[in-house]
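Structure record follows, encoded as C-alpha cells.
Protein chains in written order, with UniProt numbering: chain A, 1 to 396; chain B, 1 to 352.
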C-alpha cells in the first residue's frame with residue numbers, strides 16, 4: 001500500500017508570522033498579512049504586498065551570524081524556517097541528510113543592490129556577485145546546518161518548492177537519502193515586484209482569489225520547509241502527516257499565461273490522484289494556487305471542474321493571507337495543508353464576494369471545522385510548470 | 001528489475017566544433033562565446049527573434065538529441081542551468097535601474113526565470129510531460145541526471161527522458177567574474193590554460209542535451225551507471241568519497257579506464273583534481289577539457305559528450321590527454337567536477 005513519505009517536521013516564516021504557531025493563529029483569526037511595503041526599497045509604495053516584518057538585521061542577529069555574513073534575505077528566511085523544522089523533528093544531520101530547496105528569486109536582492117557598483121567595476125561587495133544564482137542561497141542554508149552531501153536547488157518559478165518537496169520524497173523512496181529537508185524560499189525584491197507590475201497582474205487591492213472582480217495578485221515573501229524521513233528513521237517520533245502523492249506537468253501553452261482549459265493543471269492533478277490511488281471523493285479539501293489573477297483562477301477553475309467532474313471538493317486559496325510568495329508558495333501551503341489535517345480545520349479564502357461567471361465555483365470563505373484526512377495542494381508557475389501534491393493523515 | 005539507463009541521443013553546442021581533436025578553435029579572450037550552428041535551421045524566425053542565447057542553444061541541442069535518438073516526444077524534460085537566463089535578467093535589471101522602476105517592458109522579465117529553457121523546449125515540442133529545472137551551481141546538470149535516474153527507476157515502463165545543461169555568457173553579468181577572481185587577470189590562450197600557474201580561469205557557454213532510454217538502440221552511445229553530488233568536501237575527504245561511490249557500484253579505482261576531470265587552471269582549486277591524479281587515479285588515463293570549451297556551471301555536459309563518444313568509438317583524442325598511459329579498451333569512465341571547491345559531482349558511464 002502507498003503509505004506516503006513521513007513528514008516529521010515543519011517550519012515557516014511568512015507575512016503572517018515567523019513560526020507555525022503564529023501562522024496558525026492568523027489563519028484561524030482571518031488576519032491577513034497584506035499591507036503596503038515598508039522595508040522593500042521601491043517607489044511602488046501603492047502596491048500591497050505580503051511583507052515579513054523582520055529585517056535582515058533582525059534575522060541575522062537572531063541566528064547569531066557574524067556581521068560580515070553573506071546570507072541573502074532568502075537565505076535568512078530559509079534558515080529561520082528550517083531551524084523550526086529541525087528542532088521539531090530533532091533531525092539528525094549527517095551525510096545521509098539532504099537539502100532540496102526551491103527558489104526563483106534567489107539572491108537577486110543582493111544583485112539589484114550592487115548591480116550598478118559591479119557594472120562600474122567596483123569590487124567592494126564582490127562576495128555577493130554569485131548571489132544572483134539560486135545555488136548560492138541554498139549553499140548558505142546548507143552551511144548553516146552543516147549539510148555537506150546532497151544539496152540541490154529547483155528553480156521552476158512559482159512551483160519550485162512544490163517540486164522540491166516532490167523530489168525529496170522520491171529521493172527517500174529510492175533509498176538515496178534517509179532524511180531530507182525540502183521546501184523553498186523567496187523574498188520580495190524590486191526585480192519581481194516590477195516584473196509582475198510590468199505584466200499588469202498586480203492588484204492595488206488585497207487579492208480576491210476566485211472572485212469575479214479580481215484584479216490580480218499581491219506579491220509575498222516567505223520560506224517554509226518540511227523534514228521527510230525514511231520509515232526506519234522515524235522510531236517513536238511524531239509523524240505530522242504524509243506526502244502521499246504528487247504530479248508535475250507542463251501546460252506547453254505560453255511562457256507565462258495558462259491555457260484556457262487548464263490542461264497543465266489538470267494533468268498535474270490527474271497524475272497526483274492516480275499515484276495516490278484514491279477515489280476523487282477522498283480529497284477533503286484543496287489548497288488552490290488561486291493567485292487572484294484573471295488568467296490563473298479561470299484556468300485553475302476549469303481544471304478543477306474537469307478533474308472532479310463538476311463536483312469540486314471544498315477549496316480555498318490562502319494567498320490573501322500571505323501574498324504570492326512565488327517559489328516558496330508551495331511550501332507555505334504544504335505547512336497549511338498539514339495544519340488542516342492536524343487541526344481538522346479549513347482556512348478561509350479571504351476577500352471573496354462574487355463567484356466567477358465562467359465557473360460559479362465558491363471557495364470556503366469562513367473558518368470551517370471538519371475532519372480533514374487528505375489535502376490536494378496546487379502550485380503553478382511560469383514556463384507552464386504545474387505541480388500538485390497530496391498530503392494525508394498519518395494512519396497508525 | 002531496475003531499468004538500465006542508456007545515452008541514446010546527444011546534441012551539443014560549445015566553443016568547439018566537432019573536429020576539435022584536429023582543429024581546435026583558439027580563443028584569446030577570458031570570456032568567449034560558443035560556436036553556434038545556424039539556429040534558423042532549427043527554430044522558426046519569429047520564435048527565434050525573442051529567444052536569448054541560452055534558449056536558442058537549449059532548444060536546438062534538445063532537438064538534436066531527439067533527432068539523434070529518433071524520438072519525437074520525450075517523457076520528461078529535465079534541465080540544469082547554474083546561472084539561467086542571465087541576458088534577460090540583466091536586460092530587465094538595467095532598465096529597472098535606469099528607468100527608476102518605470103515603464104518597463106515585461107518580455108525580458110518573463111524570460112528571465114531559470115525554467116525558461118525547459119519551458120520553451122516543452123512549448124516547441126508541445127510536450128506536456130514532467131518538466132523540472134535545477135539550478136545548483138556546478139551540480140545543476142548532475143541534479144537533472146539524478147532526477148532522470150529516479151524517473152527511470154520508479155517506473156519500469158519509463159523511457160525517453162531528455163536531460164540537458166545550459167549556460168550562457170552575457171555582457172554585463174558574465175563580466176562580473178573579473179571582479180571576484182573567477183577569471184584570470186591576464187589574457188591567456190584557451191589552449192595554454194594549464195601552462196599558467198595562477199588563480200582564476202576562462203569562461204564560456206554551451207548547451208548539451210542527452211536523450212536517455214531504458215533500452216539499447218542503434219544510436220546508443222553508453223550506459224549511464226550512477227551519479228552522485230557532494231556539496232562540500234575536503235581534498236583528502238574526496239578520495240574516500242570517490243572510493244565509496246565506486247564501491248557502491250562494485251568497482252575499485254583500478255577498474256576505471258578513463259577519468260575525465262574538470263581542471264580549469266585555477267591554482268586555488270585544481271588541487272581537488274591533482275590529488276586524484278597523483279593518488280588513486282595515478283595509473284589511469286586522465287582527460288581534461290576546459291582548455292577547449294572554457295568553464296561554466298554546466299560545462300560537464302561536454303564531459304558527458306566526450307565520455308559517450310569515447311565509449312562508442314573507442315578513440316581518445318590526444319588533445320584531451322593529461323598523462324600518457326598505454327591505451328586499453330575503455331569500459332568504465334568516471335567524470336569528476338567541482339567549481340570553487342563546492343558542488344562536486346561524480347558520474348559513471350560504461351561501454352555497452
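For every residue, glycine included, the Cβ atom is placed at its ideal position computed from N, Cα and C.
As the structure is a computational prediction, the values presented were derived from the model and not from experiment.
Taking CB distances under 8 Å as the criterion, tell me whether residue i reaches chain A.
i, result
"residue 154/B", "yes"
"residue 96/B", "yes"
"residue 231/B", "yes"
"residue 110/B", "yes"
"residue 246/B", "no"
"residue 355/B", "Outside the shown range of chain B (1 to 352) lies residue 355/B, about which nothing can therefore be said."
"residue 158/B", "no"
"residue 5/B", "no"
"residue 45/B", "no"
"residue 275/B", "no"
"residue 127/B", "yes"
What does the alpha-carbon distance come out to for the pair residue i and residue j?
i, j, result
"residue 17/B", "residue 212/A", "56 Å"
"residue 133/A", "residue 83/B", "5 Å"
"residue 214/A", "residue 347/A", "20 Å"
"residue 71/B", "residue 162/B", "10 Å"
"residue 99/B", "residue 122/A", "22 Å"
"residue 22/A", "residue 72/A", "24 Å"
"residue 253/A", "residue 300/A", "14 Å"
"residue 178/B", "residue 170/B", "13 Å"
"residue 345/A", "residue 224/A", "20 Å"
"residue 120/A", "residue 41/B", "39 Å"
"residue 221/B", "residue 32/B", "29 Å"
Any beta-carbon of chain B closer than 8 Å to the one on residue i?
i, result
"residue 258/A", "no"
"residue 151/A", "yes"
"residue 383/A", "yes"
"residue 267/A", "yes"
"residue 45/A", "no"
"residue 30/A", "no"
"residue 199/A", "yes"
"residue 172/A", "no"
"residue 244/A", "no"
"residue 73/A", "no"
"residue 107/A", "no"
"residue 229/A", "no"
With a CB to CB cut of under 8 Å and the five nearest residues on each side skipped, what residues in its chain are close to residue i?
i, result
"residue 26/B", "189, 190 and 191"
"residue 254/B", "283 and 284"
"residue 96/B", "104"
"residue 42/A", "190, 193 and 194"
"residue 249/B", "225, 226 and 348"
"residue 318/B", "21"
Mapping the DSSP letters down to three states, classify residue i as helix, strand or coil.
i, result
"residue 142/B", "helix"
"residue 199/A", "coil"
"residue 111/A", "helix"
"residue 439/A", "No statement about residue 439/A is possible, as the shown extent of chain A runs from 1 to 396 and does not include it."
"residue 181/A", "strand"
"residue 45/B", "helix"
"residue 368/A", "strand"
"residue 242/A", "strand"
"residue 285/B", "strand"
"residue 205/B", "coil"
"residue 210/B", "strand"
"residue 350/B", "strand"
"residue 316/B", "coil"
"residue 147/B", "helix"
"residue 99/B", "coil"
Using C-beta distances below 6 Å, list every residue in its chain close to residue i, excluding the 5 sequence neighbours before and after it, in chain order.
i, result
"residue 207/B", "13, 57, 58, 61 and 166"
"residue 134/B", "80, 140, 143 and 144"
"residue 301/B", "141, 165 and 208"
"residue 19/A", "84"
"residue 327/A", "102, 103, 104, 160, 161, 184 and 186"
Starting from residue i, follow its DSSP beta bridges and name the residues at the other end.
i, result
"residue 78/B", "132/B and 163/B"
"residue 314/A", "285/A"
"residue 355/A", "211/A"
"residue 375/A", "285/A and 391/A"
"residue 321/B", "287/B"
"residue 223/B", "6/B and 350/B"
Using C-beta distances below 7 Å, list every residue in its chain close to residue i, excluding the 5 sequence neighbours before and after it, in chain order.
i, result
"residue 112/B", "85, 88, 89 and 92"
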